[in-house]
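Residue numbers (our numbering): 8 to 756. Using N, Cα and C, we set each Cβ at its ideal position, and we do this for glycine too. Given the structure is predicted, the values throughout are model-derived calculations rather than measurements. Only one structure is covered here, and it is reproduced in the block below.
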Amino acid sequence: MTHSLDDGNCASLDRRVFFLGAASALALGTTACGGGGGGGGAGWLAGASGAVPQQAAAASGDAVVADTDAVVPGATDPVPASQARKFVHPGLLHTEADFERMRQKVEARAQPWLDGWNALTSNGRAQLGAAPRPLATVIRGGDGQNFAQMYIDIARAYQLALRWKVSQDKRYADLAVVFLNEWSSTLTTLTGNADRFLAAGIYGYQFANAAEIMRTYEGWAASDFARFQNMMLTVFYPLNHSFLINHNGSEITNYWANWDQCTLAAMLAIGVLCDRQDIYDEAMSYYKTGQGNGAGLQAVYHVHPGYLGQWQESGRDQGHSTLGIGLAGAFHEMAWNQGDDTYSYENNRFLAGAEYVAKSNLIDSSTGTFYTVPFFTNINRQGTQSVLSSGSQGSRRVVWESVYNHYAHRLGIATPWTSLQATQMRPEFDGGNGDQLGFGTLTFTRDPLAAQGRPSGLTARVRATQVVLSWWGCPDAQSYTVKRASTAGGPYTDIASGITDVLTFTDSGVAAGDVWYYVVVAVSASGESAASNEERAALEAELLLQLKFDESTGTQAADATGRFAASELQGAATWTAGREGNAVALAGTNGHVALPAGVAKTLADFSITAWLYIDTLATWSRVFDFGSGTRRYMMLAARNSSGVPRFSISTEHGYNEQVIDGSVALPTGRWVHVAVTVSGALGALYVDGIEAGSNTQMSLAPIDLGTTTQNWLGRSQYSSDPYLKGRIDDFRIYGGALGSAEVAALAAA
Numbered sequence: 008m009t010h011s012l013d014d015g016n017c018a019s020l021d022r023r024v025f026f027l028g029a030a031s032a033l034a035l036g037t038t039a040c041g042g043g044g045g046g047g048g049a050g051w052l053a054g055a056s057g058a059v060p061q062q063a064a065a066a067s068g069d070a071v072v073a074d075t076d077a078v079v080p081g082a083t084d085p086v087p088a089s090q091a092r093k094f095v096h097p098g099l100l101h102t103e104a105d106f107e108r109m110r111q112k113v114e115a116r117a118q119p120w121l122d123g124w125n126a127l128t129s130n131g132r133a134q135l136g137a138a139p140r141p142l143a144t145v146i147r148g149g150d151g152q153n154f155a156q157m158y159i160d161i162a163r164a165y166q167l168a169l170r171w172k173v174s175q176d177k178r179y180a181d182l183a184v185v186f187l188n189e190w191s192s193t194l195t196t197l198t199g200n201a202d203r204f205l206a207a208g209i210y211g212y213q214f215a216n217a218a219e220i221m222r223t224y225e226g227w228a229a230s231d232f233a234r235f236q237n238m239m240l241t242v243f244y245p246l247n248h249s250f251l252i253n254h255n256g257s258e259i260t261n262y263w264a265n266w267d268q269c270t271l272a273a274m275l276a277i278g279v280l281c282d283r284q285d286i287y288d289e290a291m292s293y294y295k296t297g298q299g300n301g302a303g304l305q306a307v308y309h310v311h312p313g314y315l316g317q318w319q320e321s322g323r324d325q326g327h328s329t330l331g332i333g334l335a336g337a338f339h340e341m342a343w344n345q346g347d348d349t350y351s352y353e354n355n356r357f358l359a360g361a362e363y364v365a366k367s368n369l370i371d372s373s374t375g376t377f378y379t380v381p382f383f384t385n386i387n388r389q390g391t392q393s394v395l396s397s398g399s400q401g402s403r404r405v406v407w408e409s410v411y412n413h414y415a416h417r418l419g420i421a422t423p424w425t426s427l428q429a430t431q432m433r434p435e436f437d438g439g440n441g442d443q444l445g446f447g448t449l450t451f452t453r454d455p456l457a458a459q460g461r462p463s464g465l466t467a468r469v470r471a472t473q474v475v476l477s478w479w480g481c482p483d484a485q486s487y488t489v490k491r492a493s494t495a496g497g498p499y500t501d502i503a504s505g506i507t508d509v510l511t512f513t514d515s516g517v518a519a520g521d522v523w524y525y526v527v528v529a530v531s532a533s534g535e536s537a538a539s540n541e542e543r544a545a546l547e548a549e550l551l552l553q554l555k556f557d558e559s560t561g562t563q564a565a566d567a568t569g570r571f572a573a574s575e576l577q578g579a580a581t582w583t584a585g586r587e588g589n590a591v592a593l594a595g596t597n598g599h600v601a602l603p604a605g606v607a608k609t610l611a612d613f614s615i616t617a618w619l620y621i622d623t624l625a626t627w628s629r630v631f632d633f634g635s636g637t638r639r640y641m642m643l644a645a646r647n648s649s650g651v652p653r654f655s656i657s658t659e660h661g662y663n664e665q666v667i668d669g670s671v672a673l674p675t676g677r678w679v680h681v682a683v684t685v686s687g688a689l690g691a692l693y694v695d696g697i698e699a700g701s702n703t704q705m706s707l708a709p710i711d712l713g714t715t716t717q718n719w720l721g722r723s724q725y726s727s728d729p730y731l732k733g734r735i736d737d738f739r740i741y742g743g744a745l746g747s748a749e750v751a752a753l754a755a756a
């Protein structure tokens, strides 16, 4: 028996099984999840399994834990007495306005809605006459798997609910209620190996969606609905919660993105269905600040120029990558329908990931081969993925309509690769294998926006003597033109035109000391659009933040530039005599300084400098550490394990750190000036104005970290690291790289 570290989900089905459906899979003697217990087999993702023997998992430091997940206090109460937030109902994947749109479009026989409706009404699971097959115990992973019996019934309940809402024929509503009631009065346990968490996540969000539609039906008794809520809270939610807080007792990067993502989708859905703001907020918080691979910054762990966002599983295989798009897309749509816009998080980071996965799995008709995409090495507990995986490339999943219609038809943002996927999959059909609900052509299609939009989300990244521009396009654009000006607001001069794909341009016609302003316009049959947002790019070092620490009372340290809110002295941090005036004293216990969130978010080339007086040189104590926990950070350690200072930056839990090590230990008992600069790929570490170390392969920059929320002086992202013991004075952040002479001048001042 094995302890599966693979999701074992039905992306692992043989192609025959994928199209025959899970019932046929079982009849053929093929488990619906080839990687669930034994690690793959001959499925269409064969060899992708991460399953390891139980003893091997233990030997590698991964705890193999029993299924003893406790019910969270309050989880047995379906509807708390008081709830601060009033949720929209129905308000998961579909709202009442969505159903009204579907009804009107189908009645008008409008396309592609009519094709989507016909796909639903002709599907075997959407018919009258079926009977539920509830189970008291559902097993996913290991011996005795029977979970297909549950996901088939979930699909029936969901599809019957859709047929009722669009046709208003109560026969479908009545049968959907029978399915929901039979399961809620029978199911008590979800179990199996690690894959039980996948069952709780994938089928949890799907079950909740079927019930959320049916809650508006007067024929579903209130007591029956309450019993269903209780099943979601006592059977599904505890497993979801347990996985997020301890990841089955394993090292957190052991699990790929889709594990977190199905859990997040389920928790969000359960929170809405059960009117539990605490559960809903738990999922929302984890998406933005969680440390696992499915949280927002980790699922799309690297964004290439032109906003192609590399998916966390793209080096693993394409079946799981497309699964992740479906799971994350469901999360974002459900949040949107509750008034929370996670779609736009970190400049539409999810869309960047969707476009990357969509393009990875499309064939270029001119060459007959798959389109190429850039790849940034991904390292996690499972190993190193240095190239895009061709495993199951061309994966076809019914997950694209929701993504395409949100960005293109709600917001007017171009989605060229997602659009192609949606068009080629149209009309979306039954998900078939239990991984997705399907029928997005009917449920998500929207009319295009009438007015031409304009490019958006323009960013300008300065690297050495180049400015790298990226932007989001418009659905009706034929090409794009980049314009540049020497003063804010123009007048602008065209510097590049005819750009179609990818939406990026590198301005190499600039020089050190230049300051430029950029906009982008879309060109269509009707002419040029309005300009995008304007972005400023300075090819010189500019002081962005300075903490002089000249205060003597209170806990606030003002930014002398006035750009940022005051920083905060926390713990045992106090005021003391500085090199000139005052400084902040750190006792080496819990004292540190907290800087504002996102303080370095916009930086590509940069410089950070400070004066230090170190009392005790503790290994891995920090001068500064800017991050979002241990998943993404950049830091300067006063002493590494070799006894010298180290600057490092990482976007993958420390696995892919880019490092600059010093050559000698920092001095103690006197003031010393330290500086870190990065220009292009060249990074340098200075001590007292003299270069002490360098690295010519520094491709990562603060802008790659996203909005860091824990920006500290004297404290590490890692709780086991010691605090700095000493004093800090005149801490500075520059946009742009200081030259060696400028660093020497600061050290001599």
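Boundaries (first-last residue) of the alpha helix (DSSP H) holding residue i
i           : result
residue 327 : 325–344
residue 234 : 229–238
residue 366 : 352–367
residue 187 : 177–191
residue 448 : 447–451
residue 303 : 303–306
Proximity of residue i and residue j at Cβ, strictly below 9 Å
i           : j           : result
residue 221 : residue 183 : yes
residue 409 : residue 349 : no
residue 662 : residue 747 : no
residue 404 : residue 330 : yes
residue 377 : residue 393 : no
residue 161 : residue 213 : yes
residue 277 : residue 308 : no
residue 510 : residue 424 : no
Cutoff 6 Å; reference residue i; Cβ partners in own chain excluding five residues on either side
i           : result
residue 588 : 557
residue 4   : In this structure the chain extends from 8 to 756, so residue 4 is not present and cannot be described.
residue 81  : Caution applies to residue 81, whose pLDDT of 36 falls short of 50 and renders its modelled position unreliable; the value that the coordinates give is listed next. For residue 81, where only same-chain residues beyond five positions count, there are no Cβ hits under 6 Å.
residue 106 : 172
Distance, residue j Cα to residue i Cα
i           : j           : result
residue 411 : residue 521 : 39 Å
residue 757 : residue 290 : The question about residue 757 has no answer here: the residues shown for the chain are numbered 8 through 756.
residue 249 : residue 337 : 21 Å
residue 262 : residue 723 : 25 Å
residue 735 : residue 654 : 17 Å
residue 53  : residue 578 : For residue 53, the pLDDT reaches just 26, beneath the cut-off of 50, and the residue's location in the model is therefore unreliable, although a value from the coordinates is still provided. Taking the straight line from one Cα to the other gives about 52 Å.
residue 192 : residue 570 : 59 Å
residue 391 : residue 708 : 21 Å
residue 417 : residue 458 : 12 Å
residue 750 : residue 680 : 9 Å
residue 755 : residue 303 : 43 Å
residue 385 : residue 324 : 13 Å
residue 497 : residue 334 : 44 Å
residue 468 : residue 477 : 9 Å
residue 604 : residue 573 : 11 Å
residue 235 : residue 638 : 37 Å
residue 584 : residue 590 : 6 Å
residue 737 : residue 677 : 15 Å
residue 626 : residue 634 : 19 Å
residue 39  : residue 647 : Residue confidence for residue 39 is low, a pLDDT of 31 falling below 50, so the modelled location carries little weight and cannot support an answer.
residue 431 : residue 439 : 18 Å
residue 51  : residue 202 : Annotation note: pLDDT 27 at residue 51 (below 50); position unreliable, no value reported.
residue 548 : residue 581 : 31 Å
Close beta carbons around residue i, own chain, < 8 Å, minus the five adjacent residues each side
i           : result
residue 62  : Unreliable positioning characterises residue 62 in this predicted model, as indicated by a pLDDT of 27, which lies under 50. The coordinate reading is nonetheless provided below. So no residue of the chain qualifies.
residue 454 : 416
Own chain partners of residue i with C-beta closer than 7 Å, once the 5 adjacent residues on each side are dropped
i           : result
residue 194 : 141, 142, 143, 145, 238 and 242
residue 94  : 279, 282 and 345
residue 293 : 251, 271 and 302
residue 550 : 568, 739 and 741
residue 456 : 416 and 419
Residue i - containing beta strand (DSSP E), residue span
i           : result
residue 662 : Unbroken run through residue 662: none, as it is neither H nor E.
residue 705 : Per DSSP, residue 705 belongs to no beta strand (DSSP E) and is neither H nor E.
residue 501 : 500–506
Contact belief for residue i with residue j at Cβ below 8 Å, rounded distance in angstroms
i           : j           : result
residue 697 : residue 613 : Contact flag wrong, Cβ pair sits at about 20 Å.
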